[in-house]
Amino acid sequence: MDKHAMLNGLNPQQRDAVLYANGPLLILAGAGSGKTKVITHRFAYLTNILKVPATSILAMTFTNKAAMEMKERIERLIGKSHKGLWIGTFHALSSRLLRREIDRIGFSRDFVIYDEDDSYNLIRSILREFKMHEALYKGIASRITSLKASLIGPREFLESENGFDFDEKFARVYMRYQDKLRENNALDFDDLIMHAVKLFERYSDVLDKYHKEFSHIMIDEFQDTNIAQYRLASLLAGGHRNICVVGDDDQGIYKFRGANVGNILTFEKDFPECRLIRLEQNYRSTQTILNGASSVIARNPDRKPKKLWTERDKGEKICCFITDDEDEEAHYIARSIRGLYLKGKYSYGDFAVLYRTNLQSRVLEEALRVHGIPYRVIGGVSFYQRREIKDIVSYLKVINNPKDSVSLKRIINYPQRGIGDATIGRIEDEAKKKDKSLFETMKCIVSGNAHPKLKEKIRDFVKTMEELIASKGIALPGLLWLILEKTGYLKWVEEERVENLMEFINSSEGKDLQGLIDTASLFTGTDEPHGGNSVSLMTLHSVKGLEFPVVFIAGVEDGLLPHFHAIKNPEELYEERRLFYVGITRAKDILVLSGARKRRIYASLQEQRSSRFLREIPAEYCHYIERVPVSTSLSKDFFPSSPFVAGVRVRHPRWGIGVVRDSYGETDDIKVMVNFPSVGIKRLSLKFANLEMLQ
DNA sequence: AAACTAAAGCTTTTT
DNA sequence: GCTTTAGTTT
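Under the numbering used here, the first residue of the first sequence carries the number 835, and numbering increases by one thereafter.
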């Protein structure tokens, strides 16, 4: 692709951003302003025109989804496979660096990555050991996470002993936790970043090496970086200063997990010579939707000033309605979706229903199900979080690294081998005395002179594991099968979980052991594709980065949005407002905001007021429906009693073969909506149309 | 060690 | 209300 083709279809600001190849660059990219396009084209410009080796560009994102999208788009632009390129999440790229260099800071290169559950388990066992209240583990974990996000290790924490909320008990747990991780040759998610920073800060020769290896650095969603991540990036950029960050302070919605929007300001301080480019043309929403969004976000103080604009026309007004309760709200949403769908302009994949809290999804799901509308819930429990997958990955982890005691404990009694908490406790004591890993200790027990009963229980397990470790080298699907059979897991596990295991085995084809373990540890995701022919249901948080022609935001009520936890604190209230802003700006054509007067939250029925944010949208952009003409009971036209339901293929004497999209109407007068490739969507009455059903 | 019952929680979420 | 966890029984 030549230079001309590469810049084709970019507006002047986007072009500037692509062409500004050297030196620090801060791109403030408003919602829908073509941010990803700029990043990917910039990557392609660097490689194809400036002949920068593609492997010298480090491009970091937050989520696997964003990383994958970037990889695919870059692959298409530069016409090369993304394999071997440094495009990925902070965590994935960091672990790749550490796999090469970590021995410098006292871990071995085959370290394991602990996920959230692993960390929880470790913290709980430490609390037990210290005779502290075990239920505190979640609070402690989140405290450790936020300290690590600010690069405060246990030593630093102890040294800064003057802080208000310093507490010695916590400091001891933190210290112990970090020691245990090292003992197990394990890193948790936050360590992946923190240790990389430590490594580069401490060993300038290693840092120099990567200054040479990477000539350019790019960061996506910069407003979501925490201090540690920013430090890592700025260290790597320290030599050449070719660092390009893209972000939007108005879309920062992850302060609660350590993201530091202030990094944008820090960046300007650290790189004072940086060029600032604003992308303000929005290519997504109608003028009305964009104006509504701008009025809302304008209430937040301390923003980087920006004014989004669009060439699109006004479009529909924003529809706002209030119902009596959450059931009515859900049914009204379902009916609206169905109504728009039946007009034929939109398919179900064009709709998203957004909400603040996951517990709202229940009613919405129920209503959609009753109306026969296909939907999918994005978020929830992901594939790699499932128990059976985590179990088998733990087997892999132990086979790969028998010192990994946390994974060992996860599987030691699954399937049941009669090694319960009491026995594990005894082995742990023994391990502590001898200063050995759990597995080594178990081997000693088998060959030593312990109680015969204890020996017998442990011998079988050790034997199985040793056989599996000996088979470490065989190709992956085979190894997984071997695990399932030798351990008896396949026989033991519930029927309905077997399918997931099979899927996992199939997906392991062609991967190596370390690679599979890393993917399973780092890939936690809500990475399922949206769209298809289903309505997407998700939280306002998970919708970031997506767009839909029609967007519903449900539960626009004080206490829900803004959430009641955030109402007292101004900073948190601003974040809630940004969340609402993110939701609004996802909509291309139609935006519907709704709320209920009464809502059941947990067990109690609460009187709700409509959201203060709703009143921040000027009335001229809105169409209010106060009295909602709907009953929650269904009229029978939702239950067509005919075999011609959506998806069935039919033949029409005149228009040939088509696919039924929907059917509705009374039992004696059923109407179907059929999509014929030749003539498009037609509404037919079954009585007259003479349709023939095909297999 | 497993199965049961009482009690406490409960915003958002990625890696 | 429902799900997770802590404590008790069998």
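Even glycine gets a Cβ: it sits at the ideal position worked out from N, Cα and C.
*For Y1011, count neighbouring C-beta atoms within 10 Å of its own C-beta (all shown protein chains included) and say buried if the count is 16 or more, exposed if not.*
buried
*Using only alpha-carbon positions, find the residue among S867, A863, L880 that is nearest to A855.*
L880
*Exposed or buried, what is K837 when buried is set at 16 or more other beta-carbons lying within 10 Å of its beta-carbon?*
exposed
*Between R1197 and E1160, what straight-line distance do the alpha-carbon atoms span, to the nearest angstrom?*
In the sequence as displayed, the identity of residue 1197 is Val instead of Arg. Each residue's alpha carbon lies about 7 Å from the other.
*What are the boundary residues of the beta strand (DSSP E) that C1078 is part of?*
1077-1081
*Determine the DSSP secondary structure at I1098, reduced to helix, strand or coil.*
helix
*Pick helix, strand or coil for E1200, following the three-state DSSP scheme.*
helix
_Measuring only the C-alpha atoms, how far is R1517 from A1168?_
21 Å
*Segment limits, beta strand (DSSP E) that includes T923*: The continuous beta strand (DSSP E) containing T923 extends over residues 920-923.
_Give me, in chain order, the residues of the same chain whose beta-carbon lies closer than 8 Å to that of R962; leave out the 5 immediate sequence neighbours on both sides._
E968
*asked:* Taking the straight line between their C-alpha atoms, what separation do you get for I1459 and P988?
replied: Our two residues, I1459 and P988, have alpha carbons roughly 56 Å apart in a direct line.
*Give the C-beta separation of L1371 and I1212 to the nearest angstrom, bearing in mind that I take them to be a contact with Cβ-Cβ under 8 Å.*
7 Å
*asked:* Can you look up C1108 in the DSSP assignment and give me helix, strand or coil?
replied: coil
*On the premise that A893 lies in contact with I921, defined as a C-beta separation below 8 Å, what is that separation, rounded to the nearest angstrom?*
About 5 Å; that satisfies the 8 Å criterion.
*Burial state of K885, where buried means 16 or more other Cβ atoms lie within 10 Å*: By the 10 Å Cβ count, K885 comes out exposed.
*Measure the beta-carbon distance from I1279 to L1272 and round it to whole angstroms, keeping in mind my assumption that it falls under 8 Å.*
Not really, about 10 Å apart at Cβ, beyond 8 Å.
_Between which residues of its own chain and I1207 is the CB-CB distance below 7 Å, once the five residues before and five after are set aside?_
A1168, I1171, R1172, Y1182, V1369
*Cross-strand partners of S1428 (DSSP beta bridge)*: F1155
*Supposed contact pair I1131 and R1411 - C-beta distance, whole angstroms, cut 8 Å*: 7 Å
*With respect to the alpha helix (DSSP H) encompassing S959, which residues constitute its N-terminal and C-terminal limits?*
950-963
*Is it a yes or a no for the stretch 1057-1073 touching the stretch 1086-1096, going by three-plus beta-carbon pairs under 8 Å?*
Contact holds: three or more Cβ-Cβ distances are below 8 Å.
*Distance, Q1440 Cα to N1097 Cα*: 40 Å
*Pairwise C-alpha distance: K1297 and L1313*: 16 Å
*Per DSSP, which one or two residues make a beta bridge with I1223?*
Paired residues: none, contrary to the question.
*Following the continuous beta strand (DSSP E) through R1483, name the residue where it begins and the one where it ends.*
For R1483, the enclosing beta strand (DSSP E) starts and ends at 1483-1486.
*Quick one: grab the DSSP three-state call for L853.*
helix
*Can you list, in chain order, the residues of its chain whose CB lies under 8 Å from that of A839, leaving out five sequence neighbours each side?*
none
_Considering only their Cβ atoms, is the gap separating V1390 from L1448 smaller than 8 Å?_
yes
_Per DSSP, the bridge partner or partners of C1278_ = Its beta-bridge partners do not exist; DSSP assigns none.
*Residue from K1046, L841, R1112 whose Cα sits closest to the Cα of P1139*: R1112
*asked:* Between which two residues does the alpha helix (DSSP H) holding Q1121 run?
replied: 1121-1131
*asked:* Looking only at its chain, what residues have a beta carbon closer than 7 Å to the beta carbon of L1316, apart from the 5 residues adjacent to it on each side?
replied: L1302, S1305
*Measuring CB to CB, does R1133 end up less than 8 Å from E1405?*
no
*Hey, out of H875, H916, V1080, whose CA is closest to L860's CA?*
V1080
_According to DSSP, simplified to helix, strand and coil, what is V1513?_
Of the three classes helix, strand and coil, the one that applies to V1513 here is coil, per DSSP.
_Exposure of L1031, with buried meaning 16 or more beta-carbon neighbours within 10 Å_ = Contrary to the premise, residue 1031 reads as Val rather than Leu in this sequence. The residue in question, V1031, is buried, as its Cβ has 16 or more Cβ neighbours within 10 Å.
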